[in-house]
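Undergrad:
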Amino acid sequence: MSAPLIAARDLSVRLGGRVILDAVNVEITAGEIVTVVGPNGSGKSTFLRALIGAITPSAGRIERAPGLRVGYVPQKLAIDRSMPMTVRRFLGLPHRISTAEADRVLDHAGAPGLADRQMTDLSGGQFQRVLLARALLEQPQLLLLDEATQGLDQPGAAAFYRRIEEVRQDLGCAVLMISHDLHVVMAASDRVICLNGHICCQGTPEIVADAPEYRALFGTGTKGALALYRHQHSHEHDPDDGHSHDHSHDHSDEGAEG
Amino acid sequence: MNFLDDFLVRAALAGLGVALAAAPLGCFVVWRRMAYFGEATAHAAILGVAFALGLGLAVMPAVLAAALLMALAVSAMTGRGFAMDTALGVMSHTALAAGMVAVTLLADVRLDLMAFLFGDILAVTRWDLATIWGGAVLVVALTAWRWPGLLLSTLNPDLARASGIDPRREELVLTLALAVVVAVAIKVVGVLLIAALLVIPPAAARPLAATPEGMAAGAAGLGAVSALGGLWAAFVFDTPTGPSIVCTAALLFVLTSLFGGLRKRG
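Structure, rendered in structure tokens:
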């Protein structure tokens, strides 16, 4: 087994006297897709922010492979309308890039032809793809996504995750993501980590979905959806009752929010 | 340097210097929604002036120190969970009030408060001019050097961290630069108007710009036009200079806003 790209060793984080993360141990190895799920306030975002160095651990440490290239897609990025910002200029922060380079990553992220648009004029789906494009600039070995599909509808989120999967195949990068879209994400992951201050359980999506800790947090409903998704369905119209009946659609929603 | 003998030439150069230094910083003030930061720092400057005169110190360094202390205090307060506008409100009013009290307590001080509130650009000396341009060059160089990091930190601190940039360090750079601008500008446009010069030209440049750099350049241009136009208007209509400069800037803001609205519709 190869050395991990990044590892949290007994990582604990306290914020304002409250323990957010307690002795978390996670290793991410090359090429795997790992999803962190957990209820609100379970420390998912804190965990990711600790990994990128935005939060100093109160105990434990983060180990990175030497020269690790990380692409980070934040949870939300509210660009104030007071700041004019073209997509091309945004991609060139902090290091200026060539036009060809900008076009290349935009194509790769599934957002071709957006380079000259204003960031504030983009739709939610376009915006997330531009964020993804920026994360792809330095040929990352590890992609970190913090609820990257927040604000996207179900087909939009599904299309976004398929794009992530394609990027992973092209670059061979590992992906660590946080998501609330349990249905879609569980199916797209090699490994799922169920976090609630500490790691409740982890393993393949099937194992986690069966784990009593996971069921205690999320109920049993998602397992049915997972089985459904495994049968190649992603076009759920209603996330709340998507598992009681069967929608047999093929994946035709790729360009839904172009 | 005979042409510097003309007080109007000195005034024009002083106004240009302040406008150029305020432009890129003003953009960050607008982007970060800290429009009252300039005001709060400027109010602290009054306190600095009071202490300088009371203790027989030079005014400029005292103002710089007071402005810096204010800026750091506001940073510390926001770091402790106060909203930016609350921190600025508390510090701004406190500094202004404390300055007034200090001026009164130091009874033998003859402070022309009006001059510090509204500035007196027509009384600018060669030494003032050197200070202003020294400060302006310093601030513009500092901002240009840190520009990408400042931009990214303003957009999203976590993105900055992920790129190896410390957003708190960038914020400190910004704070430092703002304090310098206020300290050098206080004599020219005065306390009450420096805040306006930080905010109005960038706001006026916004509808014309497609990139952050474009907005900063536009703000510098519009700020320069405001300074010269205001000076000319004050000369022609015999109006107070500082307020005339700000009125000119406000006029430009109205014009570019109308232009931006037309362009969006057309």
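So the protein lines, in turn, are chains A and B. Using the working numbering, the first residue of the first sequence is number 39, and each one after it goes up by one. Using the working numbering, the first residue of the second sequence is number 960, and each one after it goes up by one. Beta carbons: idealized from backbone N, C-alpha and C, even for Gly.
(1) What is the DSSP secondary structure of E139(A), reduced to helix, strand or coil?
(2) So, with DSSP's three-state summary, where would you put G976(B)?
(3) Are the beta-carbon atoms belonging to A212(A) and Y110(A) less than 8 Å from one another?
(4) Under 9 Å, CB to CB, which of the residues in the stretch 1018-1036 of chain B have a partner in chain A?
(5) In chain B, what lies closer than 7 Å to V108(A) by C-beta?
(6) Check whether the Cβ atoms of A973(B) and I1091(B) lie closer than 8 Å to each other.
(7) Residues of chain A with CB closer than 9 Å to the CB of I1124(B), please, in chain order.
(8) Going by CA-CA distance only, name the one from L1152(B), V1213(B), F1212(B) that's closest to E998(B).
(9) Are the Cβ atoms of H14(A) and E185(A) separated by less than 8 Å?
(10) Could you give the distance in angstroms between the alpha-carbon of V1205(B) and the alpha-carbon of L1065(B)?
(11) Could you check what DSSP says for D228(A) in three-state terms: helix, strand or coil?
(12) Taking 8 Å as the CB-CB cut-off, is M123(A) touching chain B?
(13) Measuring only the C-alpha atoms, how far is H283(A) from G189(A)?
(14) Alpha carbon to alpha carbon, how far is L49(A) from E65(A)?
(15) Just verifying my parser: in three-state terms, what is the DSSP assignment at L297(A)?
(16) Are the stretch 965-972 of chain B and the stretch 1170-1190 of chain B in contact at 8 Å, needing three or more beta carbon pairs?
(17) Kindly indicate the opening and closing residues of the beta strand (DSSP E) around A61(A).
(18) With 8 Å as the limit, tell me which residues of the stretch 147-159 of chain A have their beta carbon closer than that to any beta carbon of chain B; keep them in chain order.
(19) Is the shortest distance between the beta-carbon of A1168(B) and the beta-carbons of chain A less than 8 Å?
(20) How is C239(A) classed by DSSP in three states: helix, strand or coil?
(21) Would you call the stretch 1047-1057 of chain B and the stretch 1153-1165 of chain B touching, i.e. three or more CB-CB distances under 8 Å?
(22) Tell me whether the beta-carbon of F966(B) lies closer than 8 Å to the beta-carbon of L1081(B).
(23) Do the CB positions of P122(A) and P1107(B) come within less than 8 Å of each other?
(24) Can you give, in chain order, each stretch of the alpha helix (DSSP H) that sits fully within the stretch 991-1062 of chain B and has at least 4 residues?
(25) At the level of alpha carbons, what is the spacing between G105(A) and L129(A)?
(26) Please report how far the alpha carbon of G1078(B) lies from the alpha carbon of Q156(A), in whole angstroms.
(27) Is the Cβ of W990(B) closer than 8 Å to any Cβ of chain A?
TA: So, from the listed chains and residues:
(1) helix
(2) helix
(3) In this structure, A212(A) keeps its C-beta atom at 8 Å or more from the C-beta atom of Y110(A).
(4) none
(5) A1121
(6) yes
(7) P132
(8) L1152(B)
(9) In this structure chain A extends from 39 to 296, so residue 14(A) is not present and cannot be described.
(10) 32 Å
(11) coil
(12) yes
(13) In this predicted model, H283(A) has a pLDDT of only 40, less than 50, meaning its place in the structure is not dependable; the value taken from the coordinates is given anyway. Distance between the alpha carbons of H283(A) and G189(A) is about 25 Å.
(14) 12 Å
(15) Summary: the structure shown does not reach residue 297(A), with chain A confined to residues 39 through 296, and so no result is reported for it.
(16) yes
(17) The continuous beta strand (DSSP E) containing A61(A) extends over residues 56-66.
(18) Q156
(19) yes
(20) strand
(21) No: fewer than three Cβ pairs fall under 8 Å.
(22) yes
(23) no
(24) Counting only unbroken stretches of 4 or more residues, the alpha helix (DSSP H) elements lying wholly within the stretch 991-1062 of chain B are 994-1014, 1018-1038, in sequence order.
(25) In this structure, the straight-line span from the alpha carbon of G105(A) to that of L129(A) is close to 21 Å.
(26) 39 Å
(27) yes
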